[in-house]
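Residue numbers (the working numbering), protein chains in the order written: chain A, 1 to 314; chain B, 315 to 628.
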């Protein structure tokens, strides 16, 4: 869609030139033979195997990432990996990433795209398309595409009474990292890194799908909110024995800090899940409790676990 | 990705509640059996047939659509149909649309989504996912997904010397409509409608793919820019005999106004293209000239056609 301004006034800055510079950065990634990306009206991808999995996420500088504490490169990186986490949550294999960036004139668009490319390279994916626009905010809308061969995607709604509940790692690292950064910690601090460059659990998600788990989601808003969402979708309750709190994080950060992007899994065959993780060299998943039939039972160590965690102001 | 604010302060407005209201609007569209859309980490679509075609476009209120002259519903509608036009340009059959909306608190998000749903219903597609965020601007990032069975997508780069060049309709309607709206014309004015509710030429794109045309693109930035892009990608020149100027539009609006979203087609078998259009009940495409081998020959009625048209300020 174009701006409703006199086109003759728009020639000073050439979109095509900027796009060419961005294409050089983006094109430096791995490109599959027979696929066409940037440069046509749309990207052309080779046929998907099985179900197609798609999700979109928008990140706004100053809202989703503090511009005083982090860089534009971090914004590009985190926008991509947090979106990829939604593919991980379905057990999908990533096929491509699209970026739609809007920003005020003078914004270093190449930094944003460098960060995005670092994220796709690190995770073995590729940027297949994008768009640029002016605007007052710096916003990065990321769409991720993946595929689920075989039995297909793992939904939130499949948890059954008696299933074991597991997470792929200790919680609270991202929230602790943000707190530490605000207190003056370096960008290289391990917990700060967990906040600004979260890692999507793609390998874990695919392994869990292979182990035929019943339900899965990523912990983006804190387990005290996300586990309720999974239980609602599955029409079940839960009883948690314990929560694994990451070193350096508080119990509150682990419970409702959000942005850990660990996976939450429900399965009736945890041994198979553990074996699948072991075979693929993945860290052992951590059992936190079990699914119970009564929808109103939502407990941690026998006490009600209140529904709380991150909610966007809309 | 979450906002780096204290999560306990964010509970006054419930994202889940807003999402539920939006889901009701979006869910009112046609949903294919066996597909899961809003409500999980990602949307799950049944396997694509052939190549997967994807594109993303961002529209910003005040930049891409004048907030004084048009409504939020128009923004949602136009963001979707202008993005679908990129699928039309490849000859793709649409499979789904994702919306990532950011807006200041108090923005009528339901209006934006109503417009988007009207657009997907009118074009026989469906919204399969989305995201919402705060922000100072109202931005709508739209990702479109499609498929190309058989020989696959039609690229910009396939035009060959001797090909006939055609367009799917007269040009300049959108630019004329914007001018008329600024002069006080009603929203229902036919040309104003062409500006605020453009129609993606999906049926025409699929018919052209079926006719094995050599190259295709949509005219989003004006033919005086877009035809150069097609010629550059195909490493050819062009000689235009004439341009079809829409009733009520000026020659300048037809040449470089942009946003007409008519398709530009290069084929060595125009009779087959015409027959395919006729069979499907589509208006006859209009021949405008031919492709020539010399890359530097870029003429309209024997005179050089300067490269000009809409370029975003970045």
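Yeah, the Cβ is synthetic: ideal placement off N, Cα and C, and Gly gets one too.
Quiz item: Do residue 395 of chain B and residue 457 of chain B come within 8 Å of each other at the CB atom, strictly closer than that value?
Solution: As a position in the second chain, residue 457 of chain B is number 143, starting the count at 1. As a position in the second chain, residue 395 of chain B is number 81, starting the count at 1. No, Cβ-Cβ distance for residue 457 of chain B and residue 395 of chain B is not below 8 Å.
Quiz item: Along chain A, in chain order, which residues have C-beta atoms closer than 8 Å to that of residue 367 of chain B?
Solution: Taking the second chain and counting its residues from 1, one reaches residue 367 of chain B at position 53. Ordered by position in chain A, the residues that pass the 8 Å Cβ test against residue 367 of chain B are 42, 43, 44 and 45.
Quiz item: Where DSSP assigns a beta bridge to residue 286 of chain A, which residues make up the other side?
Solution: Here residue 286 of chain A refers to the residue found at position 286 when the first chain is read from its first residue. Beta-bridge pairing links residue 286 of chain A to A/167.
Quiz item: If you measure from the beta carbon of residue 552 of chain B to each beta carbon in chain A, is any gap under 8 Å?
Solution: Counting from one through the second chain, the residue named residue 552 of chain B turns up at place 238. Interface residue (Cβ-Cβ distance to chain A less than 8 Å): residue 552 of chain B is not classified as such.
Quiz item: Listed from N- to C-terminal order along the chain, which residues in the stretch 577 to 594 of chain B have their beta-carbon within a distance smaller than 8 Å of any beta-carbon of chain A?
Solution: Residues of the stretch 577 to 594 of chain B with a C-beta atom less than 8 Å from some C-beta of chain A do not occur.
Quiz item: Count the other CB atoms within 10 Å of the CB of residue 561 of chain B; is the residue buried (16 or more) or exposed (fewer)?
Solution: Your numbering for residue 561 of chain B matches position 247 in the second chain. Residue 561 of chain B should be labelled exposed.
Practice problem: Measure from the C-beta of residue 447 of chain B to each C-beta in chain A and report whether the shortest distance is under 8 Å. | Solution: Here residue 447 of chain B corresponds to residue number 133 of the second chain, with the count starting at 1. Answer yes: the Cβ-Cβ gap between residue 447 of chain B and chain A drops below 8 Å somewhere.
Quiz prompt | Residue range of the alpha helix (DSSP H) that includes residue 206 of chain A | solution = The count along the first chain starts at 1 and reaches residue 206 of chain A at position 206. 202 to 210 is the extent of the alpha helix (DSSP H) around residue 206 of chain A.
Quiz item: For the candidate residues A/251, A/284, A/88 and A/285, whose alpha-carbon lies nearest to that of residue 305 of chain A?
Solution: As a working note, residue 305 of chain A is residue 305 in the first chain. It is A/251.
Quiz item: Within this structure, are the beta carbons of residue 133 of chain A and residue 374 of chain B separated by less than 8 Å?
Solution: Against the first chain, residue 133 of chain A aligns to sequence position 133. Against the second chain, residue 374 of chain B aligns to sequence position 60. Yes, Cβ-Cβ distance for residue 133 of chain A and residue 374 of chain B is below 8 Å.
Practice problem: Give a yes or no on whether the minimum CB-CB distance between residue 426 of chain B and chain A is below 8 Å. | Solution: Residue mapping note: residue 426 of chain B aligns to position 112 of the second chain, counting from 1. No, residue 426 of chain B lies away from the interface with chain A (no Cβ there is under 8 Å from its Cβ).
Quiz prompt | C-alpha distance - residue 166 of chain A paired with residue 95 of chain A, whole-angstrom precision | solution = Within the first chain, the letter at position 166 stands for residue 166 of chain A. Within the first chain, the letter at position 95 stands for residue 95 of chain A. Cα to Cα, residue 166 of chain A sits roughly 27 Å from residue 95 of chain A.
Practice problem: For the stretch 542 to 556 of chain B and the stretch 599 to 619 of chain B, state whether three or more C-beta atom pairs, one from each stretch, are separated by less than 8 Å. | Solution: Touching, yes, given that three or more Cβ pairs across the two stretches are closer than 8 Å.
Self-check item: Paired residues, beta bridge with residue 580 of chain B - DSSP
Solution: The residue you call residue 580 of chain B lines up with position 266 of the second chain. Answer is B/479 and B/529.
Quiz item: Can you tell me where the alpha helix (DSSP H) with residue 173 of chain A in it begins and where it stops?
Solution: Numbered from 1 along the first chain, position 173 holds the residue referred to as residue 173 of chain A. For residue 173 of chain A, the enclosing alpha helix (DSSP H) has its first and last residue at 173 to 182.
Practice problem: Output the boundary residues of the alpha helix (DSSP H) element that contains residue 434 of chain B. | Solution: As a first step, residue 434 of chain B must be located in the second chain, where it is residue number 120. Taken as a continuous stretch (DSSP letters only), the alpha helix (DSSP H) holding residue 434 of chain B covers 423 to 436.
Self-check item: Cα-Cα separation, residue 541 of chain B to residue 202 of chain A
Solution: Residue 541 of chain B sits at position 227 when you count from the first residue of the second chain. Residue 202 of chain A sits at position 202 when you count from the first residue of the first chain. It is roughly 42 Å from the alpha-carbon of residue 541 of chain B to the alpha-carbon of residue 202 of chain A.
Practice problem: Would you verify that the beta carbon of residue 386 of chain B is, or is not, closer than 8 Å to some beta carbon of chain A? | Solution: Residue 386 of chain B sits at position 72 when you count from the first residue of the second chain. Judged by the 8 Å Cβ criterion, residue 386 of chain B is not in contact with chain A.
Quiz item: Can you list, in chain order, the residues of its chain whose CB lies under 6 Å from that of residue 383 of chain B, leaving out five sequence neighbours each side?
Solution: Numbered from 1 along the second chain, position 69 holds the residue referred to as residue 383 of chain B. If we look at residue 383 of chain B and ignore the five residues flanking it on each side, its Cβ neighbours are 495.
Quiz item: Can you list the residues of chain B that residue 322 of chain A reaches, using a CB-CB cut of under 9 Å?
Solution: The shown model of chain A, from 1 to 314, leaves out residue 322 of chain A, and the question about it has no answer.
Quiz prompt | Buried or exposed (CB count within 10 angstroms, at least 16 for buried), residue 320 of chain A | solution = For residue 320 of chain A there is no data in the structure shown, the boundaries of chain A being 1 and 314.
Exercise. Compile a chain-ordered list of the residues in the stretch 217 to 231 of chain A whose CB is closer than 9 Å to at least one CB of chain B.
Key: Listed in sequence order: 217, 218, 220, 221, 222, 225 and 229.
Exercise. Could you tell me whether the stretch 264 to 275 of chain A touches the stretch 191 to 198 of chain A, using the rule of 3 or more Cβ pairs below 8 Å?
Key: No contact exists between the stretch 264 to 275 of chain A and the stretch 191 to 198 of chain A.
Exercise. For the stretch 151 to 169 of chain A and the stretch 361 to 375 of chain B, state whether three or more C-beta atom pairs, one from each stretch, are separated by less than 8 Å.
Key: They do not touch, by the three-pair rule.
Quiz item: Closer than 7 Å, Cβ to any Cβ of chain B: which residues of the stretch 55 to 66 of chain A, in chain order?
Solution: Listed by position along the chain: 55, 56, 57, 58, 59, 60, 63, 64, 65 and 66.
Exercise. Indicate whether at least one CB of chain A lies closer than 8 Å to the CB of residue 453 of chain B.
Key: Mapped onto the second chain, residue 453 of chain B falls at position 139. Interface residue, yes.
Quiz item: Taking one C-beta from the stretch 486 to 500 of chain B and one from the stretch 426 to 437 of chain B each time, how about it: are there three or more such pairs within less than 8 Å?
Solution: Touching, no, given that fewer than three Cβ pairs across the two stretches are closer than 8 Å.
Exercise. Compute the distance between the beta-carbons of residue 76 of chain A and residue 116 of chain A, then report whether it is under 8 Å.
Key: Position 76 of the first chain, counted from the start, is the residue given in the question as residue 76 of chain A. Position 116 of the first chain, counted from the start, is the residue given in the question as residue 116 of chain A. Yes; because the gap between Cβ atoms is below 8 Å, this pair is in contact.
Quiz prompt | Ranges of the beta strand (DSSP E) found wholly within the stretch 397 to 426 of chain B, counting only runs of at least 3 | solution = As far as the stretch 397 to 426 of chain B is concerned, its whole beta strand (DSSP E) runs of at least 3 residues are 407 to 416.
Self-check item: residue 539 of chain B versus B/368, B/412 and B/622, residue with shortest Cα-Cα distance
Solution: Position 225 of the second chain, counting from 1, holds the residue named residue 539 of chain B. Restricting attention to B/368, B/412 and B/622, the CA atom closest to the CA of residue 539 of chain B is found in B/622.
Exercise. Identify every residue that forms a DSSP beta bridge with residue 446 of chain B.
Key: Sequence index remark: in the second chain, residue 446 of chain B carries index 132 (1-based). For residue 446 of chain B, which the question treats as bridged, DSSP gives the partners B/415.
Quiz item: How would you write the range of the beta strand (DSSP E) that residue 145 of chain A sits in, first residue to last?
Solution: Mapped onto the first chain, residue 145 of chain A falls at position 145. Residue 145 of chain A: member of the beta strand (DSSP E) spanning 139 to 148, first to last residue.
Quiz item: Are there 16 or more other CB atoms within 10 angstroms of the CB of residue 19 of chain A, so buried, or fewer, so exposed?
Solution: Residue numbering aside, residue 19 of chain A sits at position 19 when the first chain is read from its first letter. Of the other Cβ atoms in all chains shown, 16 or more fall within 10 Å of the Cβ of residue 19 of chain A; this residue is therefore buried.
Exercise. Would you mind sorting residue 593 of chain B into buried or exposed? The rule is 16 or more other CB atoms within 10 Å of its CB.
Key: Here residue 593 of chain B refers to the residue found at position 279 of the second chain. It is exposed - the Cβ of residue 593 of chain B has fewer than 16 other Cβ atoms within 10 Å.
Quiz item: Among the residues of its own chain, which have a CB less than 7 Å from the CB of residue 524 of chain B, if the five just before and after it don't count?
Solution: Taking the first residue of the second chain as position 1, residue 524 of chain B is located at position 210. For residue 524 of chain B, where only same-chain residues beyond five positions count, the Cβ hits under 7 Å are 590.
Self-check item: Where residue 63 of chain A sits in the DSSP three-state scheme
Solution: In the first chain, residue 63 of chain A corresponds to position 63, counting from 1. The answer is coil: DSSP assigns residue 63 of chain A none of H, G, I, E or B.
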